[in-house]
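Take a look at the structure below.
Residue numbers (full-length UniProt numbering): 1 to 118.
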């Protein structure tokens with residue numbers, strides 16, 4: 001099927017007249033919610049709040065979460081610890097010695113040409 005220029009212009013006009021689509025609000029699991037809120041939770045802990053008090057507040061705001069679950073999710077939300085940075089002048093730990101290459105003369109496998117035998 002072929003389309004005329006007029007048909008394509010009419011289609012283009014209809015496409016331009018379409019209203020914008022509303023973006024769906026992103027939804028998060030409880031674990032993701034704790035990860036998003038982890039900085040605020042840590043700040044509350046520094047101000048003396050316990051995890052029990054924080055989880056109670058979260059429940060009051062509609063985020064139903066038990067204290068042990070909150071603690072577990074907070075531990076998972078922590079970034080992985082990086083390797084310690086070496087101070088200038090420190091000597092690096094000794095590296096294990098590299099293995100020596102195998103002696104090719106001791107090889108026991110000899111490749112054979114392909115054959116039709118199975």
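Built from N, CA and C at the ideal position, the CB exists for glycine as well.
Assigned exposure category for residue 36 - 16 Cβ within 10 Å defines buried:
The residue given as residue 36 occupies position 36 in the chain shown. It counts as exposed.
Closest by CA to residue 45, which one among 65, 116, 71?
As a first step, residue 45 is located in the chain shown; it is residue number 45 there, counting from the start. Ranking 65, 116, 71 by Cα distance to residue 45 puts 71 first.
Run of the alpha helix (DSSP H) containing residue 46, from where it starts to where it stops
Here residue 46 corresponds to residue number 46 of the chain shown, with the count starting at 1. 30-46 is the extent of the alpha helix (DSSP H) around residue 46.
How far does the alpha helix (DSSP H) with residue 52 in it reach, from first residue to last?
Locating residue 52 in the chain shown gives position 52, counting from the first residue. Its alpha helix (DSSP H) spans residues 51-60.
Beta-carbon gap between residue 65 and residue 30 smaller than 8 Å:
Taking the first residue of the chain shown as 1, we reach residue 65 at position 65. Taking the first residue of the chain shown as 1, we reach residue 30 at position 30. Taking 8 Å as the Cβ cut-off, residue 65 and residue 30 qualify as a contacting pair.
Measuring alpha carbon to alpha carbon, tell me which of 116, 79, 110 ends up nearest residue 38.
Numbered from 1 along the chain shown, position 38 holds the residue referred to as residue 38. Put simply, of 116, 79, 110 the residue whose alpha carbon is nearest the alpha carbon of residue 38 is 79.
Got a sec? Which residues, its chain only, sit under 7 Å from residue 74 by beta carbon, not counting five neighbours each side?
Position 74 of the chain shown, counted from the first residue, corresponds to residue 74. Closer than 7 Å at the Cβ level, and outside the excluded window around residue 74, lie 34, 38, 41.
Look up residue 13 in the DSSP assignment and say whether it is helix, strand or coil.
In the chain shown, counting from the first residue as 1, residue 13 sits at position 13. Here residue 13 sits in helix by DSSP.
Whole-angstrom distance between residue 68 and residue 20, CA atom to CA atom
Here residue 20 refers to the residue found at position 20 of the chain shown. Here residue 68 refers to the residue found at position 68 of the chain shown. Rounded to whole angstroms, residue 20 to residue 68 spans 44 Å at the Cα level.
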